[in-house]
Amino acid sequence: MIKVNNLTKRYVNMNAVDDISFHVKENEIVGLLGPNGAGKTTTMRILTCFMPATAGTATVAGYDVFTDSLNVRQQIGYLPENVPLYLDMRAYEYLMFRAKLKNIPRRERRKKIEYCLEMTGIKDVQKQIIGTLSKGYKQRVGLADTLIHDPKILILDEPTIGLDPNQIRQIRGVIKGLGQKHTVLLSTHILPEVEMVCDRVMIINKGKIVAMDTPSNLMKQLKTGSNLVLEIKGEGEKIKSSLSGIDTVESVTYRKKDDANEFYINGSGEKDIREDVFNCIVKDNYILREMKRQTITLEEIFHQVTTKETEEETANA
Amino acid sequence: MRNVNTIFQREIMSYFYSPIAYVVISVFLIAAGFFFAGNLQIHQEASLKGSLDSTQFFLLLLTPVITMKLFSDETKSGTMETLMTSPVTDFDVVFGKFLAALSLYAVMILPTWIYVLFLTIFGNPDFGPIFSSYIGLMLMGGLFVSVGLLVSSLTKNQVVAAVIGIVSLIILWVIGYLSEYGDGWFYEALRYIGTYDHWSSFTKGIVDTRDVIYYLSFTALLLFITVRNVESRKWR
Ligand SMILES: Nc1ncnc2c1ncn2[C@@H]1O[C@H](COP(=O)(O)OP(=O)(O)O)[C@@H](O)[C@H]1O
Ligand SMILES: [Mg+2]
Chain C
3 MIKVNNLTKR
13 YVNMNAVDDI
23 SFHVKENEIV
33 GLLGPNGAGK
43 TTTMRILTCF
53 MPATAGTATV
63 AGYDVFTDSL
73 NVRQQIGYLP
83 ENVPLYLDMR
93 AYEYLMFRAK
103 LKNIPRRERR
113 KKIEYCLEMT
123 GIKDVQKQII
133 GTLSKGYKQR
143 VGLADTLIHD
153 PKILILDEPT
163 IGLDPNQIRQ
173 IRGVIKGLGQ
183 KHTVLLSTHI
193 LPEVEMVCDR
203 VMIINKGKIV
213 AMDTPSNLMK
223 QLKTGSNLVL
233 EIKGEGEKIK
243 SSLSGIDTVE
253 SVTYRKKDDA
263 NEFYINGSGE
273 KDIREDVFNC
283 IVKDNYILRE
293 MKRQTITLEE
303 IFHQVTTKET
313 EEETANA
Chain R
110 MRNVNTIFQR
120 EIMSYFYSPI
130 AYVVISVFLI
140 AAGFFFAGNL
150 QIHQEASLKG
160 SLDSTQFFLL
170 LLTPVITMKL
180 FSDETKSGTM
190 ETLMTSPVTD
200 FDVVFGKFLA
210 ALSLYAVMIL
220 PTWIYVLFLT
230 IFGNPDFGPI
240 FSSYIGLMLM
250 GGLFVSVGLL
260 VSSLTKNQVV
270 AAVIGIVSLI
280 ILWVIGYLSE
290 YGDGWFYEAL
300 RYIGTYDHWS
310 SFTKGIVDTR
320 DVIYYLSFTA
330 LLLFITVRNV
340 ESRKWR
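Line by line, the protein sequences are chains C and R. Counting from 1 along the first sequence, just add 2 to a position and that's the residue number in the working numbering. Counting from 1 along the second sequence, just add 109 to a position and that's the residue number in the working numbering.
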């Protein structure tokens with residue numbers, strides 16, 4: 003659905019997007035993950051024909067973004083960062099304006115608007131002036147606009163930024179639902195977001211894609227190990243030395259917690275170390291109060307990927 | 110053309126949602142009424158010539174206020190991005206906005222027909238110059254609006270857009286006067302570029318095609334530059 007080959011966008015003295023290539027398949031939700039200034043917005047602006055690239059090619063739904071811009075724009079629903087809206091219009095009026103602009107035939111407009119109001123849950127506020135709506139509702143009006151012409155592809159730039167946790171959860175729910183009928187490319191700098199919503203994630207940093215895979219594969223690929231958190235009653239140092247004795251355990255740290263100790267154990271490989279640890283504790287008669295797995299978050303993946311990059315860079319330099 | 114209409118409708122709607130349209134129209138009508146009454150007293154003749162010449166100055170000041178938000182506001186609020194990524198051409202957007210502002214301009218000068226009514230009730234005006242004056246007013250309005258539109262596309266600050274617009278129109282006006290202080294091709298060129306000379310023949314009841322062409326082509330040129338300027342975000 004989206005094919006990007008060697009895309010570069012050069013600003014005066016830096017490449018905001020630097021030779022990136024990726025494909026997005028039909029009905030896939032792909033997350034573009036990266037810190038501020040990574041080039042997410044720039045990539046999306048190129049794909050939505052707001053600005054051209056300096057080099058490289060991109061096609062959206064089979065149309066070239068440089069030569070077939072009007073067709074591309076008819077196929078995409080784009081939600082820009084910060085959701086710009088006409089604040090003086092009523093929500094319904096705005097959607098009607100957008101429906102006309104997106105060439106929806108006159109007799110279908112009402113039905114389409116009704117559907118979008120339903121999908122995004124803003125039926126109750128359709129008569130309100132957009133300027134008086136809360137941030138979350140504005141976001142939904144923006145989202146309703148992106149859906150109105152039933153585009154094949156949705157491009158959403160940081161769709162949950164500036165919302166409160168409750169609103170974030172709701173918007174994510176809406177987006178996940180959309181993924182069943184639309185191809186979605188969304189950007190975010192919030193890590194758990196892609197984990198929850200996306201089928202595939204691309205990590206972008208300084209204009210370059212540094213990793214691209216499913217969220218779970220990414221975790222496997224990288225040094226994940228199996229990290230455990232345990233609460234054990236007993237003498238800290240002694241427990242530590244017996245735990246360190248296990249072959250599959252790489253490191254053990256602990257701190258006092260109430261009348262017991264909290265232990266952090268890093269496994270050395272992919273293998274599940276929970277049984278080994280449990281057996282060791284039982285053997286030495288310590289009292290185990292709690293054991294849980296600490297799954298590695300994308301946060302750590304991101305940290306690893308980007309620091310590896312810079313390490314390589316400095317090594318090359 | 111359908112997209113032009115869509116853009117046009119939204120701009121008109123937004124004019125009447127904001128106080129600007131009402132303020133501009135009120136200011137203009139107060140000024141126009143004042144000049145009309147004043148001219149009647151001084152000249153004691155059933156014509157609009159004097160009063161239209163004076164209201165002229167207010168059109169110069171008020172038209173950029175009508176046009177100032179057209180692009181500045183969209184650039185500032187970021188709606189330019191939603192607008193330009195919908196399936197519309199840059200020309201659709203520019204022309205739709207132009208027509209909306211020109212319509213507001215027409216709405217602004219429309220009530221001055223009451224004065225014409227007055228003149229016919231209490232006097233015996235010559236309708237030739239009156240009709241031609243209104244043709245001239247609309248043509249000039251097109252030029253003023255296109256100047257304001259171009260300026261609005263150059264800055265995201267509405268106030269700056271209005272000020273630069275007013276200054277540009279005043280310059281355009283004044284160079285026509287300057288042309289009377291000399292001879293030769295330079296002053297001839299000034300006379301042609303300036304709006305004053307072209308306008309004054311309309312008030313005398315003459316609709317000269319050269320004047321019509323001047324206004325139409327100047328307006329078209331400015332609209333063309335505006336379209337190019339809106340496109341220019343792409344190569345910046
Ligand atoms: N119009 C511009 N002119 C110059 N530099 C820009 C412009 N827009 C963005 N940049 C730069 O390009 C880089 C990428 O920006 P952006 O795509 O907005 O990042 P993100 O959306 O990932 O936060 C940033 O370093 C930013 O400063
Ligand atoms: Mg961004």
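No residue lacks a Cβ here, since even glycine has one placed at the ideal position from N, Cα and C. For clarity, every value in this text was computed on a predicted model and none was experimentally measured.
_Neighbour-count burial assignment, R:Asn148, 16 or more Cβ in a 10 Å radius_ = buried
*Beta-carbon separation (whole angstroms), C:Ile132 vs C:Leu89, contact threshold 8 angstroms*: 5 angstroms
*Kindly indicate which three-state DSSP category C:His25 falls into: helix, strand or coil?*
strand
*Counting contacts by CB-CB distance shorter than 8 angstroms, is R:Tyr131 in contact with chain C?*
no
*Span of the beta strand (DSSP E), counted from its first residue to its last, around C:Asp215*: 210-215
*Should C:Gln296 go down as buried or exposed, given a rule of 16 or more other Cβ atoms within 10 Å for buried?*
exposed
_Along the stretch 6-22 of chain C, where does the CB come closer than 8 angstroms to a CB of chain R? Name the residues._
none
*Does DSSP put C:Val143 in a helix, in a strand, or in coil?*
helix
*When the cut-off is 8 angstroms and only beta carbons count, does R:Pro196 lie next to chain C?*
yes
*For ligand 1, is there a heavy atom less than 7 angstroms away from the beta-carbon of C:Lys102?*
no
*For the beta strand (DSSP E) holding C:Met204, just list the boundary residues, first then last.*
202-207
_Enclosing beta strand (DSSP E) for C:Glu160 [first to last residue]_ = Premise fails: C:Glu160 is in no beta strand (DSSP E) and is neither H nor E.
*Give the C-beta separation of C:Thr162 and C:Ile173 to the nearest angstrom, bearing in mind that I take them to be a contact with Cβ-Cβ under 8 angstroms.*
5 angstroms
*Scan the stretch 116-148 of chain R for residues whose Cβ lies nearer than 9 angstroms to a Cβ of chain C and list them as they occur along the chain.*
Ile116, Gln118, Arg119, Met122, Ser123, Tyr126, Ser127
*Please decide whether C:Cys51 counts as near chain R, where near means a Cβ-Cβ distance under 8 angstroms.*
yes
*Mind listing which residues of the stretch 100-117 of chain C have their C-beta closer than 9 angstroms to chain R's C-betas, in chain order?*
Arg100, Lys102, Leu103, Lys104, Asn105
_Check whether chain C comes within 8 angstroms of R:Ser186, counting only Cβ atoms and requiring the distance to be less than that._
yes
*Any 3 or more C-beta pairs closer than 8 angstroms across the stretch 219-230 of chain R and the stretch 261-271 of chain R*: no
_alpha helix (DSSP H) runs wholly inside the stretch 169-214 of chain R, at least 4 long, in chain order_ = 178-186, 188-193
_Any C-beta of chain R within less than 7 angstroms: which residues of the stretch 56-86 of chain C qualify?_
Leu72, Arg75, Gln76, Tyr80, Pro82, Asn84, Pro86
*If we ignore side chains and look at the alpha-carbon of each, how far apart do C:Asn73 and C:Ala40 end up?*
28 angstroms
*Starting from the beta carbon of C:Asp90, find every residue of chain R whose beta carbon is closer than 9 angstroms, and list them in chain order.*
Met122, Ser123, Tyr126, Ser127
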